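Student:
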Amino acid sequence: MKNKNITFMTQAAMIAAIYVVLTYVFAPFSFGEVQIRIAEALTILPVFTPAAIPGLFIGCLIGNILGGAILPDIIFGSLATLAGAYFTWKIKDYNVLLAPLPPIVANILVVPFVLRYGYGVILPIPFMMLTVGIGEVISCGVLGFIVYSALKKYKNTLFASIRDR
5 MKNKNITFMT
15 QAAMIAAIYV
25 VLTYVFAPFS
35 FGEVQIRIAE
45 ALTILPVFTP
55 AAIPGLFIGC
65 LIGNILGGAI
75 LPDIIFGSLA
85 TLAGAYFTWK
95 IKDYNVLLAP
105 LPPIVANILV
115 VPFVLRYGYG
125 VILPIPFMML
135 TVGIGEVISC
145 GVLGFIVYSA
155 LKKYKNTLFA
165 SIRDR
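If you're matching positions, the sequence shown starts at 5 in this note's numbering and goes up one per residue.
1) Pick out whichever of Phe-35, Met-18 and Phe-30 has its Cα sitting closest to the Cα of Val-136.
2) Go through the segment 26-59 residue by residue and report every complete run of the alpha helix (DSSP H) that reaches 4 residues or more, in order.
3) What are the boundary residues of the alpha helix (DSSP H) that Asn-111 is part of?
4) Does the segment 124-131 come into contact with the segment 91-103, if we say contact requires no fewer than three beta-carbon pairs (one atom in each stretch) closer than 8 Å?
5) According to DSSP, is Asp-77 helix, strand or coil?
6) For Leu-155, collect the residues of the same chain with a Cβ closer than 6 Å to its Cβ; drop the 5 residues on either side in sequence, then sort them by chain order.
7) Under 8 Å between C-beta atoms, does Ala-20 make it to chain C?
8) In this structure, does DSSP put Pro-130 in helix, strand or coil?
9) I think Ile-57 touches Tyr-90, with their Cβ atoms under 8 Å apart; what is that distance to the nearest whole Å?
10) What is the DSSP secondary structure of Lys-125, counted as helix, strand or coil?
11) Does DSSP classify Gly-96 as helix, strand or coil?
Below is the structure:
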């Protein structure tokens, strides 16, 4: 049991660290009305391990802080990532093709309101839902499935010890 907990925390920490680095390195694309947050490709990881759920949440939280986000963005953006990761983990057994949908939907529903009421962006909310949605489809859908394709052959060795937690 102790080894499972250590593995879980280690995987969560590594995922968080990778998310932070990707958000920070690609900061010009990671924030704003039109954003393609490359780190969101990692939202496919709950398909492999539940450790990705806290890892993605903490990574988004730290990435938003380091990226200079305002408090509502730090809180609600991170909660959107948490919800997306949790529901990706919940639907993973139904159809892996649906795995990118929870983070896409969560961010479409949250980020435009943060942009409007937190940052004062005056673009129409439906337009921002579209622009955020396009960015999420690119990062979660396209890049996420590239990550999935690269990792699926290793899932039994990389993630097996805590996969069914």
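C-beta atoms are modelled at their ideal positions from N, C-alpha and C, and glycine is treated no differently. It should be emphasised that the depicted structure is a prediction, and the values quoted were computed from it without experimental measurement.
Tutor: Well, looking at it:
1) Locating residue 136 in the sequence shown gives position 132, where the first residue counts as 1. Closest option to Val-136, Cα to Cα, is Phe-35.
2) Qualifying alpha helix (DSSP H) stretches, in chain order: 31-34.
3) Taking the sequence shown and counting its residues from 1, the one referred to as residue 111 is at position 107. Judged by DSSP secondary structure, Asn-111 falls within the alpha helix (DSSP H) whose first and last residues are 105-121.
4) Contact fails between the segment 124-131 and the segment 91-103, because fewer than three Cβ pairs, one in each stretch, are under 8 Å apart.
5) Along the sequence shown, read from residue 1 onward, the residue named residue 77 stands at position 73. Here Asp-77 carries a helix assignment [DSSP, helix/strand/coil].
6) As a first step, residue 155 must be located in the sequence shown, where it is residue number 151. Around Leu-155: no qualifying Cβ.
7) Absent from the structure is chain C; it holds one protein chain and no more.
8) Here the question's residue 130 lines up with position 126 in the sequence shown. It is helical.
9) On the sequence shown, residue 57 is found 53 positions in, with the first residue counted as 1. On the sequence shown, residue 90 is found 86 positions in, with the first residue counted as 1. Confirmed, Cβ separation roughly 6 Å.
10) Against the sequence shown, residue 125 aligns to sequence position 121. The amino acid occupying residue 125 in the given sequence is Val; Lys does not appear at that position. In the three-state scheme derived from DSSP, where H, G and I count as helix and E and B as strand, Val-125 is classed as coil.
11) Indexing the sequence shown from 1 puts residue 96 at position 92. It is worth fixing the name first, because residue 96 is Lys in this sequence and not Gly. Reduced to three states, the DSSP call for Lys-96 is coil.
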